[in-house]
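Here the structure comes first, spelled out in structure tokens, and everything after it is commentary.
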Amino acid sequence: MLVRFWGVRGSTPTPQSENLRYGGNTSCVEVRVNGHIYVFDCGTGFRNLGKQLSQEQNGHPISAHIFLSHFHWDHIQGIPFFAPLYGDRKNSFVFHSSSRSCGLQQALEEQMADPYFPVNMSEMAAHRQFANIDEGRIAFDHCTVHTKWLNHPQGCLGFRMESQGKVIVYATDNEPGDPVFDKNVRKLAEGADILIYDAQYLPEEYAARKQGWGHSHWREAVNVVMESGAKELILFHHDPDHSDACIDAVVKQAREHYPRVRAASEGMEITL
Ligand SMILES: [Zn+2]
Ligand SMILES: [Zn+2]
0 MLVRFWGVRG
10 STPTPQSENL
20 RYGGNTSCVE
30 VRVNGHIYVF
40 DCGTGFRNLG
50 KQLSQEQNGH
60 PISAHIFLSH
70 FHWDHIQGIP
80 FFAPLYGDRK
90 NSFVFHSSSR
100 SCGLQQALEE
110 QMADPYFPVN
120 MSEMAAHRQF
130 ANIDEGRIAF
140 DHCTVHTKWL
150 NHPQGCLGFR
160 MESQGKVIVY
170 ATDNEPGDPV
180 FDKNVRKLAE
190 GADILIYDAQ
200 YLPEEYAARK
210 QGWGHSHWRE
220 AVNVVMESGA
230 KELILFHHDP
240 DHSDACIDAV
250 VKQAREHYPR
260 VRAASEGMEI
270 TL
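Structure follows, in structure tokens:
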């Protein structure tokens, strides 16, 4: 499995000089399994993934399974700018998410409706399917994806992808403190090779004014990795106000508790 980070920022894109080493694009992670493409979230990083796929295309159609954790802007805003959706009728994409808070197809089409965007989603040439999922297990030819609900306003799904004995967990936008969801995220992360986890706030920011906002912090991320027996922690969904220097300091502190910690950065690749 190859994991590539195309967008690592939370909440809103932050193209500012002090943020550029980790990156300013919002959530998008690609996983390739035996040449098959799986995508977790379509924040603004999704646009650059589209450019990469178009370059690789070389006359072959592009297809991918795309998992949306939820429909907040930082997880869907790249879709209108994803070139492979427009060009080729042979391209095909399956969007997987829960329709619990809002219909999946409706949620994606409405962000492009008049007057929010000049091009309607119906003008996209690629074949599109919308798969309503909930907690459970989805089996593909080369991998299996397990899903569980996380603690976030309007809901958010966490994903555990297993293939050939390797496990990647993508669990972002999750606030600690609710026993059901705390258990869910530890269950998802159990024994994972890579845990990509929401570490938006500093613990002191969370305690002072961010409770109820639906996000975690690096100290809780360390708790989750240690309590679930996951091997490596990737801090993700960085706060828009956290500079590269701030994230460097977070990684240093987190490593005092658990050695295998990195912060996700745009362009980072992990091969399992
Ligand atoms: Zn988010
Ligand atoms: Zn959110």
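Per numbering that gives the first Met the number 0, residue 0 is the first one in the sequence shown, and the count goes up by one each step.
A virtual CB, placed ideally from N, CA and C, is assigned to each residue, including glycine.
Bear in mind the structure is a predicted one, so any value in this text is a computation, not a measurement.
ask   = Roughly how many angstroms separate the alpha carbons of H256 and G266, rounded to a whole number?
value = Walking along the sequence shown from the start, residue 256 turns up at place 257. Walking along the sequence shown from the start, residue 266 turns up at place 267. Annotation: H256 to G266 spans about 26 angstroms, alpha carbon to alpha carbon.
Local conformation of S26 per DSSP, three classes = Translated into the one-based positions of the sequence shown, residue 26 becomes position 27. In this structure, S26 counts as coil in the three-state DSSP scheme.
message = On the DSSP letters alone, give me the boundaries of the beta strand (DSSP E) that N131 sits inside.
response = On the sequence shown, residue 131 is found 132 positions in, with the first residue counted as 1. N131 -> beta strand (DSSP E) spans H126 to N131.
task = Determine the burial state of L156: buried for a count of at least 16 other Cβ atoms within 10 Å of its Cβ, exposed for fewer.
result = Residue mapping note: residue 156 aligns to position 157 of the sequence shown, counting from 1. That one is buried.
query = Under the three-state reduction of DSSP, which class applies to D247: helix, strand or coil?
reply = In the sequence shown, the residue the question calls residue 247 occupies position 248. DSSP, read as helix, strand or coil, puts D247 in helix.
key: D73, enclosing alpha helix (DSSP H) - first and last residue   = Sequence index remark: in the sequence shown, residue 73 carries index 74 (1-based). Note, D73: alpha helix (DSSP H), W72 to I75.
ask   = For ligand 2, any of its heavy atoms closer than 6 angstroms to the Cβ of D240?
value = Here the question's residue 240 lines up with position 241 in the sequence shown. Checking the Cβ of D240 against ligand 2 gives no.
query = Roughly how far, in whole angstroms, is the beta-carbon of F235 from the beta-carbon of A198, given that I think they are within contact range, below 8 angstroms?
reply = In the sequence shown, counting from the first residue as 1, residue 235 sits at position 236. In the sequence shown, counting from the first residue as 1, residue 198 sits at position 199. Contact flag correct, Cβ pair sits at about 6 angstroms.
task = Please report the Cβ distance between N90 and S68, rounded to the nearest whole angstrom; I am assuming they are in contact, meaning their Cβ atoms lie under 8 angstroms.
result = Counting from 1 along the sequence shown, the entry for residue 90 is found at position 91. Counting from 1 along the sequence shown, the entry for residue 68 is found at position 69. Not quite, the Cβ-Cβ distance comes to about 23 angstroms (not below 8 angstroms), so this is no contact.
message = Do G6 and G49 have their beta-carbon atoms positioned less than 7 angstroms apart in this structure?
response = By 1-based counting over the sequence shown, the position of residue 49 is 50. By 1-based counting over the sequence shown, the position of residue 6 is 7. No, the pair does not count as a contact, with Cβ atoms beyond the cut-off.
key: Contact set for Q153: own chain, Cβ-Cβ below 7 angstroms, skip 5 residues either direction   = As a first step, residue 153 is located in the sequence shown; it is residue number 154 there, counting from the start. H69 and S100, listed in sequence order.
inquiry  = On the CB-based measure, 16 or more other CB atoms within 10 Å of its CB, does S10 come out buried or exposed?
reply    = For this step, residue 10 is matched to residue 11 along the sequence shown. Buried, because 16 or more other Cβ atoms sit within 10 Å of the Cβ of S10.
ask   = Under 7 angstroms, do H271 and K147 count as touching if we go by C-beta distance?
value = Position 272 of the sequence shown, counted from the first residue, corresponds to residue 271. Position 148 of the sequence shown, counted from the first residue, corresponds to residue 147. One point to set straight first is that residue 271 is Leu, not His, in the sequence displayed. No, the Cβ-Cβ distance between L271 and K147 is not below 7 angstroms.
message = My output table needs one value for D181: the three-state DSSP class, helix, strand or coil.
response = If you number the sequence shown from 1, residue 181 lands on position 182. Reduced to three states, the DSSP call for D181 is helix.
Cβ-based neighbour list, L1, same chain, cut-off 6 angstroms, excluding 5 preceding and 5 following = What you label residue 1 is simply residue 2 of the sequence shown in a count that begins at 1. So the list reads R31 and T270, once near-sequence residues are dropped.
inquiry  = Please report the distance separating the alpha-carbon of T143 from that of I137.
reply    = Counted from its first residue, the sequence shown places residue 143 at position 144. Counted from its first residue, the sequence shown places residue 137 at position 138. CA-to-CA, the gap between T143 and I137 works out to about 6 angstroms.
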